[in-house]
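Q:
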Amino acid sequence: MMEDRCGHPQRHVLKMEGEGTAAVACGSCAMFAILPKVAGSFTCSNCMLIALLKDKVQQLEERVATLQRIRELELFLESTEHTVSTKEETGDSPEKEASSPTQEPDIWRNVTQRSRRPRVRSDCLEIHNRFEVLSPNMEDEEQTPFEDLSLITVDQVYEDEQQSQSSGNVQATLEQTAHGRTPTRPKRRRVVVIGDSLLRGTEAVICGPDKMSREVCCLPGAKIQDVTERLQGIIKPTDKYPFLLVHVGTNDTASNSLQKIKRDYEALGRKLKQLNAQIVISSVLPVERRGPGREGKIVEVNSWLRKWCKQERFGFLDHGLQFLEDGLLASDGLHLTTLGRNVFAKNLRNLIRRALN
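Okay, so the sequence shown: first residue is 6 according to the working numbering, each after it adds one.
1) Determine whether the beta carbon atoms of Ile240 and Leu280 lie at a separation below 9 Å.
2) Under a three-way DSSP split, which group does Ala360 fall into?
3) In or out: Ser287 buried (at least 16 other Cβ within 10 Å) or exposed?
4) When you compare the stretch 339-359 with the stretch 208-215, are there three or more beta-carbon pairs, one atom per stretch, that lie closer than 8 Å?
5) Can you list, in chain order, the residues of its chain with a C-beta nearer than 6 Å to that of Arg311? Leave out the 5 residues immediately preceding and following it.
6) Quick check on Arg68: buried or exposed, where buried means 16 or more other Cβ atoms within 10 Å of its Cβ?
7) So, at 7 Å on beta carbons, what are the nonlocal neighbours of Glu369 in its own chain, with the 5 sequence-adjacent residues on each side left out?
8) Taking the alpha-carbon positions, what's the Ala177 to Arg358 distance?
9) Taking the beta strand (DSSP E) that Ala38 belongs to, which residues open and close that run?
10) From this set, Ser260, His324, Arg294, Leu250, which residue's C-alpha is nearest Leu57's C-alpha?
11) Check Val289 in the structure and name its three-state DSSP category.
12) For Arg219, which residues does DSSP report across the bridge?
13) Taking the alpha carbon of Glu234 as the point to measure from, which residue in Ser260, Asp331, Leu277, Arg193 has its own alpha carbon closest?
14) Would Glu147 be called buried (16 or more neighbouring beta carbons within 10 Å of its own) or exposed?
Dropping the structure here:
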């Protein structure tokens, strides 16, 4: 570590004369990287990915802790219910227990098999939600008639797909048996998926379940401002609470600064709120071999998007690091292979199924 004339420590920077580049040390791991110019602060992509993984681990730990608390409450309620029902069957009461003489402990008794008396059910049964304490604010649920999609991961989307496939046929059979005929389906909500060139080739998978009410609007080379300008002509005033899924931002990370990207997303959010639609923003997919600056910027954009969508009450689909697996990104490190396009399309399709059902 070097000191300037005033005695302040300076960052390790090794300038390479004649080439206009410099070796800059990362502020977290102190590893050097060759950059075209010396920036104000530098953090390598590995450290940014580690920070993202730590954030995801923290979120998973919070979810596990919540599930554990719910399980403890369930066990407590089940044990309490079992104790009350046992006392009702045996006819025991606190008064009887207090007045009964003290029994001698540690006495062997012969117990024969006996039939359990049926539980007497009351005609008037009060039904309530025993997990009401763990539920979110009811005022928020009344404002949004559909499921809260503030943060949806790819794993949750695929779990819902498996459940819907196993229960869909059973539900249709029950409805047909109850009415003696196939029930008439209500008018479907309009679903619009809009974004950049990464949506090219996803139409068959996304629109396959319902081609009449679903559409994919692919804008090659589009940036966030381009999507904002096209929204007014795509969403019609006659659409009744449509579902709108937006995937854009990859092209913005190539040339725009982080502050410019945030301002463009905020302008897009103001436009989306005027449409009276259910909104979900898709995270920016990672890229490879595009420089540590762009890879780190994508990580920062997704981290900010997650918090911003929660603040604006938009849904957020987090793809995570799924597309860094082998065979999903093309040789240019930017577009998707056929396999990657199919995985991407299924992620969007499963999210739409979760939102509509």
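Yeah, the Cβ is synthetic: ideal placement off N, Cα and C, and Gly gets one too.
These figures come from a predicted structure and were not determined experimentally.
A: Taking the geometry as given:
1) Yes. Within cutoff.
2) Of the three classes helix, strand and coil, the one that applies to Ala360 here is helix, per DSSP.
3) Under this definition Ser287 is a buried residue.
4) Because the criterion of three Cβ pairs below 8 Å is met, the stretch 339-359 and the stretch 208-215 touch.
5) Closer than 6 Å at Cβ, skipping near neighbours: Phe321.
6) Of the residues assessed, Arg68 falls on the exposed side of the cut-off, its CB having fewer than 16 other CB atoms within 10 angstroms.
7) Here the chain has residues from 6 to 362 only, and residue 369 is not among them.
8) With a pLDDT of 46 at Ala177, under the threshold of 50, the predicted position of this residue should be treated as unreliable, and no value is reported.
9) Under the DSSP assignment, Ala38 falls in the beta strand (DSSP E) whose first and last residues are 37-40.
10) With distances taken between CA atoms, Leu57 lies nearest to His324 out of Ser260, His324, Arg294, Leu250.
11) Val289 falls in the coil class under three-state DSSP.
12) According to DSSP, Arg219 bridges with Val196.
13) Of the candidates Ser260, Asp331, Leu277, Arg193, the one whose C-alpha sits nearest the C-alpha of Glu234 is Leu277.
14) Residue placement at Glu147 is flagged as unreliable, the pLDDT there being 37, under the threshold of 50; the coordinate-derived value follows with that caveat. Flag for Glu147 reads exposed.
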